[in-house]
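The structure under discussion appears below in the form of structure tokens.
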Amino acid sequence: KAAMDAGLLHPSSPSVILTQDDLKKIAAYKAVEYVESGMVLGLGTGSTAKHAVERIGELLRQGKLKDIVGIPTSKKTHEQALSLGIPLSDLDSHPVVDLAIDGADEVDPFLNLVKGRGGSLLREKMVEGACKKFIVIVDESKLVNYLGGSRLAMPVEVIQFCWKFTASRLQNLFHQSGCVAKLRTFPDTADPFVTDNGNFVVDLYFDRSIGDLKAASDSILQLPGVVEHGMFLDMATTVIVAGELGLTLKNK
Ligand code: 5RP
Numbered sequence: 155k156a157a158m159d160a161g162l163l164h165p166s167s168p169s170v171i172l173t174q175d176d177l178k179k180i181a182a183y184k185a186v187e188y189v190e191s192g193m194v195l196g197l198g199t200g201s202t203a204k205h206a207v208e209r210i211g212e213l214l215r216q217g218k219l220k221d222i223v224g225i226p227t228s229k230k231t232h233e234q235a236l237s238l239g240i241p242l243s244d245l246d247s248h249p250v251v252d253l254a255i256d257g258a259d260e261v262d263p264f265l266n267l268v269k270g271r272g273g274s275l276l277r278e279k280m281v282e283g284a285c286k287k288f289i290v291i292v293d294e295s296k297l298v299n300y301l302g303g304s305r306l307a308m309p310v311e312v313i314q315f316c317w318k319f320t321a322s323r324l325q326n327l328f329h330q331s332g333c334v335a336k337l338r339t340f341p342d343t344a345d346p347f348v349t350d351n352g353n354f355v356v357d358l359y360f361d362r363s364i365g366d367l368k369a370a371s372d373s374i375l376q377l378p379g380v381v382e383h384g385m386f387l388d389m390a391t392t393v394i395v396a397g398e399l400g401l402t403l404k405n406k
């Protein structure tokens, strides 16, 4: 049913193989069912969130949603929302956000997240930290037993000044977890990736569990030069997971 709602299946040919992007779209469409007219909405960033933003634009155009104010979590989402005619604002004018919808890179069994492989972690954390309800939308590949366990990057946004020094302090902090810290660069040019806020991203890779997440978060944030990290602890209120066998809703 969710796939039909997202326009991916037709009742006359209900057996299509769904791609990962289809699953992202299904989760996004389900999340947008929670959007009501008059809401202030946090608009997420990434290939999953983009489907939600698109759907919100469509419902506004059709007159099925009214008086929405969107707060984008990146310049890219700002551009997308503008092109769809979604009225936009910011946290200065709307410090309380009713609902945010965004993707994630990892989701653990307690609904803690890794975010920011798209590089928008700081604005995402600001907007999603200001919202009453935060719905995370993922395909099932994002589910992990513990954060950092996917052996993929745990992003940390750092200021450009002496970034090598900050990266080496980050790596030392987690040496017992076999941490390797790498500056995020573009693969084709090797130029550093620069965030919307003009900062660099140092990606942390772990061999073993980092243990207590709250302690890890505190110790990262204590390092001068660090702006924010991509662990979103105890922030998601609902996670919608789209998988081959259907949709699962996990609530805090
Ligand atoms: C961007 C993010 C994204 O939400 C996260 O990377 C998931 O992206 P995608 O939906 O493309 O898999 O945190 O900073």
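Read left to right, the sequence shown gives residues 155 to 406 (the working numbering).
For every residue, glycine included, the Cβ atom is placed at its ideal position computed from N, Cα and C.
Spatial neighbours of LEU163 in its chain, beta-carbon cut-off 7 Å, leaving aside the 5 residues before and after:
ALA157 and VAL170
If you reduce the DSSP assignment to three classes, tell me which class MET389 lands in.
For MET389, the three-state secondary structure derived from DSSP is coil.
Can you tell me which of the three DSSP states VAL281 falls into?
helix
Tell me whether GLY200, by its Cβ, gets closer than 7 Å to a heavy atom of the ligand 5RP.
yes
Flag this pair as yes or no: are the beta carbons of ALA235 and LEU276 separated by less than 8 Å?
no
Would you list the residues sitting across from HIS232 in a DSSP beta bridge?
Partner(s): none; HIS232 has no beta bridge.
Cβ-based neighbour list, GLN325, same chain, cut-off 8 Å, excluding 5 preceding and 5 following:
Same-chain partners within the cutoff: CYS333, VAL334, ALA335 and LEU358.
Might you give, ordered along the chain, the residues of its own chain that have their beta carbon closer than 7 Å to the beta carbon of LEU367, omitting 5 neighbours on each side?
ASN266, LEU301, MET385 and LEU387
Tell me whether ALA307 sits in a helix, a strand or coil according to DSSP, three-state version.
coil
Count the other CB atoms within 10 Å of the CB of LEU399; is the residue buried (16 or more) or exposed (fewer)?
exposed
Bridge partners of ILE289, per DSSP?
ILE255 and THR392
According to DSSP, which residues form a beta bridge with PRO226?
LEU197
Euclidean distance between Cα positions of LYS404 and PHE264:
9 Å
For HIS383, name the three-state secondary structure that DSSP assigns.
When DSSP states are grouped into helix, strand and coil, HIS383 belongs to the strand group.
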